[in-house]
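Presented below is the structure to which this report refers.
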Amino acid sequence: MKSAKDYLAEANAEVPRITVKEAIAVYESGNGTFIDVRDSSDIAKSGTIKNAHRIPRGFMEFAADSEMQFHNEALQKDADIYLVCGAGGQAALAGKTLKDMGYQSVTNIGGIGDWKEAGGEMED
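Take the sequence shown: its position 48, counting from 1, is numbered 48 in UniProt numbering, and each next residue is one higher.
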């Protein structure tokens, strides 16, 4: 039987994590697709990365599957995808899901608080 720790360890082993400074450099270069995987109520409380797509972790499989009517065009299998959440756990788990679905370049950038504290661009 797997625990939440087991799932998180597997996700962290498969989905690379970069520092928030590295993530901001990627963002400022105009490269990458940035996605906040938190629920809308959490995003409403703190804001999110400016122009980030908002795809909750619980909806990721539907948004990532190009055969589904709910497919989000921001999710392309050849795109460089950067995921953010509250602290990094949900981003890792969502990243593993994307990798399992055939997405090649998925990166965990950790928590929105670190992004904000480091001066990353934000929006409400």
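The beta-carbon is built from N, C-alpha and C at its ideal position, and this holds for glycine as well.
Between the beta-carbon of residue 112 and that of residue 48 there is about 6 Å, and that keeps the pair under the 8 Å contact cut. Shown here for residue 116: same chain residues with a beta carbon closer than 7 Å to its own, the five before and five after excluded, namely 122 in chain order. Looking at 32, 87, 23, 53, the one whose alpha-carbon comes closest to that of residue 81 is 32.
The DSSP-derived three-state label of residue 8 is helix. Within the DSSP bridge table, the entry for residue 17 names 108 as partners. The shortest CA-to-CA distance from residue 103 to any of 18, 74, 84, 7 is the one to 74. The C-beta of residue 56 has 16 or more other C-beta atoms within 10 Å across all chains shown, which makes the residue buried.
The beta-carbon separation of residue 92 and residue 11, rounded to 4 Å, stays under the 8 Å limit for a contact. If the five residues before and after residue 86 are omitted, its C-beta is found closer than 8 Å to the C-beta atoms of 38, 42, 111, 112, 113, all from its own chain and listed in chain order. Shown here for residue 8: same chain residues with a beta carbon closer than 8 Å to its own, the five before and five after excluded, namely 89, 92, 93 in chain order. A direct Cα-Cα distance of roughly 22 Å separates residue 124 from residue 29. Comparing alpha-carbon positions, the option among 66, 14, 19 lying closest to residue 78 turns out to be 66. Rounded to whole angstroms, the gap between the alpha carbons of residue 35 and residue 27 is 12 Å.
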